[in-house]
Each structure stands twice: as structure tokens, then as C-alpha cells.
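2 protein chains.
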Amino acid sequence: MTATRPEGLLACIEDDLTKVEERLVAETRSDIGEVRAISGHTLLSGGKRLRPAIALLAARCVGRSFDTHRAYAAAAAVELIHMATLMHDDVVDEAPERRGRPTANAVYGNSITILTGDFLLAKSIWLLSRDEENLNLVRLFADVTIAMAEGEVLQAAVARNWNLNLTTYEQVIERKTARFLAGCTEAGAYLGGGTEAETAAMRAFGHHLGIAFQIADDLLDFLGDPKQTGKPLGTDLKDGRVTLPLIHTLAHCDPATRAELLTTLERGQALTDSEIAALTAVIARLGGFEVARQEAEQRMERALAELNRFPESAYRDALIRLAGYVVARDR
Amino acid sequence: MTATRPEGLLACIEDDLTKVEERLVAETRSDIGEVRAISGHTLLSGGKRLRPAIALLAARCVGRSFDTHRAYAAAAAVELIHMATLMHDDVVDEAPERRGRPTANAVYGNSITILTGDFLLAKSIWLLSRDEENLNLVRLFADVTIAMAEGEVLQAAVARNWNLNLTTYEQVIERKTARFLAGCTEAGAYLGGGTEAETAAMRAFGHHLGIAFQIADDLLDFLGDPKQTGKPLGTDLKDGRVTLPLIHTLAHCDPATRAELLTTLERGQALTDSEIAALTAVIARLGGFEVARQEAEQRMERALAELNRFPESAYRDALIRLAGYVVARDR
Numbered sequence: 117m118t119a120t121r122p123e124g125l126l127a128c129i130e131d132d133l134t135k136v137e138e139r140l141v142a143e144t145r146s147d148i149g150e151v152r153a154i155s156g157h158t159l160l161s162g163g164k165r166l167r168p169a170i171a172l173l174a175a176r177c178v179g180r181s182f183d184t185h186r187a188y189a190a191a192a193a194v195e196l197i198h199m200a201t202l203m204h205d206d207v208v209d210e211a212p213e214r215r216g217r218p219t220a221n222a223v224y225g226n227s228i229t230i231l232t233g234d235f236l237l238a239k240s241i242w243l244l245s246r247d248e249e250n251l252n253l254v255r256l257f258a259d260v261t262i263a264m265a266e267g268e269v270l271q272a273a274v275a276r277n278w279n280l281n282l283t284t285y286e287q288v289i290e291r292k293t294a295r296f297l298a299g300c301t302e303a304g305a306y307l308g309g310g311t312e313a314e315t316a317a318m319r320a321f322g323h324h325l326g327i328a329f330q331i332a333d334d335l336l337d338f339l340g341d342p343k344q345t346g347k348p349l350g351t352d353l354k355d356g357r358v359t360l361p362l363i364h365t366l367a368h369c370d371p372a373t374r375a376e377l378l379t380t381l382e383r384g385q386a387l388t389d390s391e392i393a394a395l396t397a398v399i400a401r402l403g404g405f406e407v408a409r410q411e412a413e414q415r416m417e418r419a420l421a422e423l424n425r426f427p428e429s430a431y432r433d434a435l436i437r438l439a440g441y442v443v444a445r446d447r
Numbered sequence: 117m118t119a120t121r122p123e124g125l126l127a128c129i130e131d132d133l134t135k136v137e138e139r140l141v142a143e144t145r146s147d148i149g150e151v152r153a154i155s156g157h158t159l160l161s162g163g164k165r166l167r168p169a170i171a172l173l174a175a176r177c178v179g180r181s182f183d184t185h186r187a188y189a190a191a192a193a194v195e196l197i198h199m200a201t202l203m204h205d206d207v208v209d210e211a212p213e214r215r216g217r218p219t220a221n222a223v224y225g226n227s228i229t230i231l232t233g234d235f236l237l238a239k240s241i242w243l244l245s246r247d248e249e250n251l252n253l254v255r256l257f258a259d260v261t262i263a264m265a266e267g268e269v270l271q272a273a274v275a276r277n278w279n280l281n282l283t284t285y286e287q288v289i290e291r292k293t294a295r296f297l298a299g300c301t302e303a304g305a306y307l308g309g310g311t312e313a314e315t316a317a318m319r320a321f322g323h324h325l326g327i328a329f330q331i332a333d334d335l336l337d338f339l340g341d342p343k344q345t346g347k348p349l350g351t352d353l354k355d356g357r358v359t360l361p362l363i364h365t366l367a368h369c370d371p372a373t374r375a376e377l378l379t380t381l382e383r384g385q386a387l388t389d390s391e392i393a394a395l396t397a398v399i400a401r402l403g404g405f406e407v408a409r410q411e412a413e414q415r416m417e418r419a420l421a422e423l424n425r426f427p428e429s430a431y432r433d434a435l436i437r438l439a440g441y442v443v444a445r446d447r
């Protein structure tokens, strides 16, 4: 298995993605065997290549220009940043598996996984910096990386805060997820020769899509099929990560239910499957999932509205269908 | 305590360093309280600001130009990279203290220390990328960061390899230490308006100084005063890190001594202070420290020779004295 792409949706950029894949293999080379091994492990562990695909589709959708060399380098760079942050996140979360396969930290240990994450992050900057025109892309993805680190730290800092409000939840998901997708679509628009207004619209598309993406991801922790997602249900609950369905439920239940829920939630890593199922049932009953689904759908509509300014094309269609896939996906 | 600078040596750039310090405080701001706290902890924990000082002295020594805004930004960026790599290294080494003070990981835990390291690394790139002329500096420090990660991984991979040869040892210290100092002096020369030959000479100065610096650092692990260095003797031995004095000793002792040394070395973390003292005595007797000292001094001479092409100045004097300090330092 190499990359698992959302089937069918990306046919119009299949050739582009093949070139990006070649670039990724080339850019993760190192004369240090262990760096090569860990990079290769992460590269070949079934990523969907969603971010490169979104950047390339955004560029093709704008369609005023397309320098293949620059576009493929930028698309590879965003996947390298994604790989680096996944590696660091998996160390932080002590995750044994991702997408049903052992994580780099599980196979190679935390130390060299942290360092190879740094290697990949620096490689992405190096790759972007080779083109004289790319200084603004360097700045954009430095900003994205800053925001992602801040979002992850904020998420860790507010873990087990059962009174988390919507504003802070949105701040977390905006930084840890939406900022990156907005960066991919903004970079794509820039590489596609977009005007200022087109670039802003593409950025807004990525931003709203990113919020919808993370809400959908948070829903999968309660409602996903572990065989599909590759991770057990209730991981967020065990880690004390408070997401939209739970925020809604805790804000709208009677005091007795709230007290009961908090007692269960406090069990953290000790939560059993049946306790997680019971929590899920209460959230379902009180409409927490429905609220989250509606929010994700509204965000997706706001995202799609931004695409109206672009001419009809196979690329725009693919972005629309990809947005639908992101919100309805089961893994 | 803020920065502890090698006293007296840096008087000629005292004002520059004050500006860089202000810049560092400004650039480590974040609206996420925990990011600010950890960055602040590392910023105020007694770093010598050696790398910014070397970059600034190199620029002033070349002396054809000096744009304060760009120079201070670049000097702050190299310290941010240094801070980020120290934080990740301390997590990797599970270090409880650095310079006699608790590390960020000891106070705040591994997870948010890793993430704040990423934040600082990205901040350094962001800071460099704000100036239109700086793309080559971005590329240079991306390359430095790649090399440092590779060097650290290689070091971890060859730990407890008692047959380590000089070539691999040099590869480790070139990447983990010398490449960064060479980057600082090259960046300095570039910011000072250096010609190609001047920039190459400054880079070579930094490279040789970096090798000497690391050999001196490796000697401190055997011969330093823990009260001065802030870390216990024999940390490298416990971690299985094979450095020049040990390589020389193992290559030049009789088979019986070698067998005895290896038995002791295999004890790793279990090594007692008296075993470390006994190992140190054998290395001293077989000239391991003398060989390392000579190598460091030769490297320093090669470094200083590169400075001959620059006109006499307070800045060149400071670089020469700083090189002496680096090799003779006791902490």
C-alpha cells in the first residue's frame, strides 16, 4: 500500500499526483539510513494526500497559470509538513497506530521520530525555498506551522476542561486544522495565477472546509467504524479532548445528567467500551451529533459558495466533490 | 538571570546583542499562554547567545554593509533555531537539567515542549522570510536544520557502537554542531556584504570552529566541573555516545584493557561515578584527552587562519578571542 486516495474524485489530477509522489520519494532521501527508514515508513503508510490534491485542484481551478515544477514542489512540501506534524502528534499522543498501521514512534521510538519530524519540516521549507518566487509561500507555511503548534498546545492545555466553550474549541480547530487547509488553497490559488480576490476566495474555501473537516473528524471518534478509521472509538474522550458534540450536550443537559456525565468523563484512560457507548447514547439523545453535523454542513456550504466565482471545470467539480467526501467520509 | 554571555568578549557588539534580545522577546510572543510560558522559560534559562554573537561579529568583521533590521532578525532567528533544537534534544535525551536549571520538558512535560519547539522553528523561518532579500538565508538555515536532525539521528543510531570510527564521529559532529556555526558565519558574511571568497572564508571559519567546539564539549563530559557545566560527568558514557577520547583509547589499548573497558561501558545508565572516574583515568593514561585537545587546537588554528583575509578590527579580535573561549571554556 502506498497512498490511499479518495477513489475516483481525483482522476483529473492523477498525473499531477503521480509526479508529486515521485517528488516525495526523492525529497525524503537522506544518506542517514534511519532517517530514510522512518520517512519511508510514514510516506508509505496510507496517507490520502488530501492536502497536495487540494492545493493542485485549487491551482488548476483558478487556471490562469500552472508551472508544473513549482506546483509539484509546493504540493510535495505541504505533504512533508503534514507528515512531520503527524509524526510529532503521534509522539505527543503516544499513538500506537494510525490508519490501522503501527506509527513511526511505535516502530522506531520517540527520539528518532521527533528528529525525523524536524528533518521533514526543514525539508519542506528547503524545497519551497529553492524557487526564487516562493518567499511568500515560505512565509505562508511558516505561519501555518506556527498556528498548528499553537493549536496543538492549546488543545493539550484545555484537555479535561469540561466547561470548554465554543470559542476556544473553534480556536483549537481553526489553528490545528483549518489554517493548514486554508494555506493549501491559498498557495494553490497563488500558483494558479489568481487575482487577489480569487486568492482570498480560495483561502476562505479552505478555511471553511478545514473547520468542517475537523468537526467531521471529531464525529468519527464517536460514530466511526474502527475497522474503517483504524482507531478505537472514544480516543478523544479518554484523552479528555472536548469536542462539539460533548460541548453541546454538557451545555444542554439537566444538572443530574451533567453530574453523571462528568463522573464518567473523569475516568479518562480508564473508560471502558460500554461507558463510551453509554456516553455516546446520551450525546445522541440530547442532539449533540445532530448539532455537530449541521455545523459541518453549514461550513461546507459556506466553503462551496466561495467556489461560485470560479468557472465551471473538472477541477472545480473535483473540489466540490472532495468537500463532500471530507464531511461524509468514514475514515 | 537572562543570557549569560562570555564576559568581556562581546563588548564591541553589546548594543547589537541588546537589540537581538528585544527581538527574541518579541518573536516568542504567542496568544497561547503555554507556548509563551515554555518559550520564555527557555529564553531566560541562561543561554550564551553564542550563535547570534558569531553571526553579528562575522557581519561586522566583513564590514561592507550592515542593515541593522535584517541583521538583528537573522541573529534572533538563529537563536530561535538553537532554542528549538535544544528543546527537542532535551526531550530525546530525557534531560532533567541544562546549565544547572530544569529543562522545559522537566517542567512542562514532553508533549508541549515538542510542540513549542516546532513553534520556535517555524517562527525562525517566518522571521527570516519577512525580508524579500532573505530567501537564501531561509535555504541556508533549512539546510542547517536538516543536517542537525540527521546528525542527531545518526548519533542515536550509532550509540553503544564501541567500534565507531573517526569518519562517522566526524560526520556526527559536522552535522549536529559545525553545520550550524558555519551557517551563522556564512549568514553573517552575507549580511556584511561579503564577496563570494569572503563568504566562503567565513563559512570555513565557522565550520572548523564548530568541530573544535564539539570536541571541547565532548571533553567536558569527562573533565568538566559539574558545578560549572551544570551537568554530571559521564553523561555521554551512560548514553553510549562514543566520542574522540574514547575512540582513540579503544583503538590503541591492549586486548585485555579493551575487554575490560567494554565490560564497563556496557553497563550504560548503571555506570557509577567511580566507574566513570576509572574509565577517565584509563583514557587519560592512554592519551585520549591529549589527542582530542590537539585535534581541537588544530581545528581552531585552521579556523583562525581563515580570518587572516579580513582587516584588523575589534570585531575580528572578538571572533579570535571567542574562538579561544569556545575551545578553552569550562561550561
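Note that the protein sequences, when read in sequence, are chains A and B. Position 263 of the first sequence, counting from 1, maps to 379 under this note's numbering, and the rest follow consecutively. Position 315 of the second sequence, counting from 1, maps to 431 under this note's numbering, and the rest follow consecutively. For every residue, glycine included, the Cβ atom is placed at its ideal position computed from N, Cα and C. Since we're looking at a predicted model, the values are computed, not measured.
Problem - Beta-carbon proximity list for residue 140/A, same chain, < 8 Å, skipping 5 on both sides - result: Taking the first sequence and counting its residues from 1, one reaches residue 140/A at position 24. These residues qualify, in order along the chain: 159, 192, 195, 196.
Handout entry: residue 212/A (DSSP reduced to helix, strand or coil)
Key = If you number the first sequence from 1, residue 212/A lands on position 96. Coil.
Handout entry: Buried or exposed by the 16-neighbour rule on C-beta atoms within 10 Å, applied to residue 147/B
Key = Working through the second sequence from its first residue, we reach residue 147/B at position 31. By the neighbour-count rule (16 or more Cβ atoms within 10 Å), residue 147/B is not buried but exposed.
Exercise for the section: Could you check the C-alpha separation between residue 358/A and residue 412/A for me, to the nearest Å? Expected result: As a working mapping, residue 358/A is identified with position 242 in the first sequence. As a working mapping, residue 412/A is identified with position 296 in the first sequence. One C-alpha to the other measures close to 17 Å.
Problem - Straight-line Cα distance separating residue 204/B from residue 361/A - result: Taking the first residue of the first sequence as position 1, residue 361/A is located at position 245. Taking the first residue of the second sequence as position 1, residue 204/B is located at position 88. Rounded to the nearest angstrom, the two C-alpha atoms are 35 Å apart.
Handout entry: For residue 152/B, the three-state DSSP class (helix, strand or coil)
Key = Translated into the one-based positions of the second sequence, residue 152/B becomes position 36. In the structure shown, residue 152/B sits in a helix (DSSP, three-state: H, G or I).
Problem - Reduced DSSP category for residue 165/A - H, G, I as helix; E, B as strand; rest coil - result: Your numbering for residue 165/A matches position 49 in the first sequence. For residue 165/A, the secondary structure class from DSSP, reduced to helix, strand or coil, is coil.
Problem - Beta-carbon contacts of residue 400/A that lie in its chain and below 6 Å, excluding the five residues immediately before and after - result: By 1-based counting over the first sequence, the position of residue 400/A is 284. For residue 400/A, where only same-chain residues beyond five positions count, there are no Cβ hits under 6 Å.
Handout entry: Separation of residue 145/B from residue 312/A, as counted between CA atoms
Key = In the first sequence, the residue the question calls residue 312/A occupies position 196. In the second sequence, the residue the question calls residue 145/B occupies position 29. Rounded to whole angstroms, residue 312/A to residue 145/B spans 29 Å at the Cα level.
Exercise for the section: Compare the C-beta of residue 258/A against all C-beta atoms of chain B and say whether one is closer than 9 Å. Expected result: The residue given as residue 258/A occupies position 142 in the first sequence. Contacts with chain B at 9 Å (Cβ-Cβ) include residue 258/A.
Practice task
Measuring alpha carbon to alpha carbon, tell me which of 356/B, 343/B, 334/B ends up nearest residue 409/B.
Solution key: Position 293 of the second sequence, counted from the first residue, corresponds to residue 409/B. Considering only alpha carbons, the answer is 334/B.
Handout entry: Coil, strand or helix - residue 218/A by DSSP
Key = If you number the first sequence from 1, residue 218/A lands on position 102. Residue 218/A: strand per DSSP, three-state reduction.
Exercise for the section: Measure from the alpha carbon of residue 366/B to the alpha carbon of each residue in 339/B, 216/B, 280/B, then state which is nearest. Expected result: On the second sequence, position 250 is the one that residue 366/B refers to. Minimum Cα distance to residue 366/B is reached at 280/B.
Exercise for the section: Can you say whether residue 348/B is buried or exposed, counting buried as having 16 or more other CB atoms within 10 angstroms of its CB? Expected result: As a first step, residue 348/B is located in the second sequence; it is residue number 232 there, counting from the start. Residue 348/B is exposed by the Cβ-count criterion.
Handout entry: Min CB distance residue 117/B to chain A below 9 Å
Key = Within the second sequence, the letter at position 1 stands for residue 117/B. Only weak support exists for where residue 117/B lies, its pLDDT of 33 falling under 50; the value from the coordinates is given anyway. Judged by the 9 Å Cβ criterion, residue 117/B is not in contact with chain A.
Exercise for the section: Please go through the same chain and pick out, in chain order, the residues whose beta-carbon is closer than 8 Å to the beta-carbon of residue 152/A, but skip the five residues on each side of it. Expected result: As a working note, residue 152/A is residue 36 in the first sequence. Here the set comprises 144, 145, 146.
Exercise for the section: Let me know the secondary structure DSSP gives residue 347/A once reduced to three states. Expected result: Here residue 347/A refers to the residue found at position 231 when the first sequence is read from its first residue. Of the three classes helix, strand and coil, the one that applies to residue 347/A here is coil, per DSSP.
Practice task
Could you list which residues in chain A have their beta carbon closer than 9 Å to that of residue 234/B, in chain order?
Solution key: If you number the second sequence from 1, residue 234/B lands on position 118. Within chain A, the residues 200, 201, 204, 233, 234, 237, 261, 262, 264, 265, 268 have their CB atoms less than 9 Å from the CB of residue 234/B, given in chain order.
Problem - Through-space distance from residue 207/A to residue 424/A, alpha-carbon basis - result: Here residue 424/A is taken as the residue at index 308 of the first sequence, counted from 1. Here residue 207/A is taken as the residue at index 91 of the first sequence, counted from 1. Distance between the alpha carbons of residue 424/A and residue 207/A: 41 Å.
Practice task
Report the neighbours of residue 242/A on chain B: residues whose CB is nearer than 8 Å to its CB, in chain order.
Solution key: Position 126 of the first sequence, counted from the start, is the residue given in the question as residue 242/A. Under a criterion of Cβ atoms nearer than 8 Å, the residues of chain B adjacent to residue 242/A are, in order, 255, 258, 259, 262.
Handout entry: Spatial distance of residue 317/A from residue 324/B (CA atoms)
Key = For the purposes of this step, residue 317/A is taken as the residue at position 201 of the first sequence. For the purposes of this step, residue 324/B is taken as the residue at position 208 of the second sequence. Computed Cα separation, rounded: 51 Å.
Practice task
List the residues of chain B that residue 246/A touches, going by C-beta distances under 8 Å, in chain order.
Solution key: Locating residue 246/A in the first sequence gives position 130, where the first residue counts as 1. Those within 8 Å of residue 246/A in chain B are 255.
Problem - Whether residue 429/A touches residue 179/A by CB criterion (9 Å) - result: The residue labelled residue 429/A in the question sits at position 313 within the first sequence. The residue labelled residue 179/A in the question sits at position 63 within the first sequence. Their beta carbons are under 9 Å apart, which means residue 429/A touches residue 179/A by this criterion.
Exercise for the section: Take residue 219/B as the anchor and find which of 235/B, 200/B, 234/B has the nearest alpha-carbon. Expected result: What you label residue 219/B is simply residue 103 of the second sequence in a count that begins at 1. Nearest neighbour of residue 219/B by Cα position, chosen from 235/B, 200/B, 234/B, turns out to be 200/B.
Practice task
Taking only beta carbons into account, state which residues of the region 136–148 of chain A come closer than 9 Å to chain B, listed in chain order.
Solution key: Answer set for the region 136–148 of chain A: 146, 147, 148.
Practice task
Step through the CB atoms of chain B and report whether any lies within less than 9 Å of the CB of residue 211/A.
Solution key: Position 95 of the first sequence, counted from the first residue, corresponds to residue 211/A. Not an interface residue.
Problem - Where the alpha helix (DSSP H) through residue 129/B begins and ends - result: Position 13 of the second sequence, counted from the start, is the residue given in the question as residue 129/B. Looking at the DSSP string, residue 129/B is not in any alpha helix (DSSP H), and its letter there is neither H nor E.
Problem - Residues near residue 351/B in its chain [Cβ-Cβ closer than 7 Å; skip 5 each side] - result: Here residue 351/B corresponds to residue number 235 of the second sequence, with the count starting at 1. The beta carbon of residue 351/B sits closer than 7 Å to the beta carbons of 337 from its chain, once the five residues preceding and following it are set aside; these are given in chain order.
Exercise for the section: May I have the straight-line CA-CA distance separating residue 393/B from residue 381/B, to the nearest angstrom? Expected result: Looking up residue 393/B in the second sequence gives position 277. Looking up residue 381/B in the second sequence gives position 265. One C-alpha to the other measures close to 12 Å.
Practice task
Examine chain B for any beta-carbon lying closer than 9 Å to the beta-carbon of residue 310/A, and answer yes or no.
Solution key: On the first sequence, residue 310/A is found 194 positions in, with the first residue counted as 1. No, residue 310/A lies away from the interface with chain B (no Cβ there is under 9 Å from its Cβ).
Practice task
On a CA-only basis, which of 259/B, 297/B, 227/B is nearest residue 269/A? Give me that one, please.
Solution key: In the first sequence, the residue the question calls residue 269/A occupies position 153. The shortest Cα separation from residue 269/A among 259/B, 297/B, 227/B belongs to 227/B.
Exercise for the section: Give the C-beta separation of residue 170/B and residue 230/A to the nearest angstrom, bearing in mind that I take them to be a contact with Cβ-Cβ under 8 Å. Expected result: Sequence index remark: in the second sequence, residue 170/B carries index 54 (1-based). Sequence index remark: in the first sequence, residue 230/A carries index 114 (1-based). Rounded, the Cβ-Cβ distance is 27 Å, inconsistent with contact.
Exercise for the section: Return helix, strand or coil for residue 250/B, following the three-state DSSP convention. Expected result: Taking the second sequence and counting its residues from 1, the one referred to as residue 250/B is at position 134. Assignment of residue 250/B by DSSP, reduced to helix, strand and coil, places it in the helix class.
Practice task
Answer yes or no: do residue 263/A and residue 292/A have a C-beta to C-beta separation smaller than 9 Å?
Solution key: The sequence position of residue 263/A within the first sequence is 147, counting from 1. The sequence position of residue 292/A within the first sequence is 176, counting from 1. Against a cut-off of 9 Å, the Cβ pair of residue 292/A and residue 263/A comes out as a contact.
Practice task
Compute the Euclidean distance between the alpha carbons of residue 266/B and residue 355/B, then round it to the nearest angstrom.
Solution key: Numbered from 1 along the second sequence, position 150 holds the residue referred to as residue 266/B. Numbered from 1 along the second sequence, position 239 holds the residue referred to as residue 355/B. Looking at the two C-alpha atoms, the distance is approximately 18 Å.
Practice task
Compute the Euclidean distance between the alpha carbons of residue 257/B and residue 398/A, then round it to the nearest angstrom.
Solution key: Along the second sequence, read from residue 1 onward, the residue named residue 257/B stands at position 141. Along the first sequence, read from residue 1 onward, the residue named residue 398/A stands at position 282. C-alpha of residue 257/B to C-alpha of residue 398/A: approximately 52 Å in a straight line.
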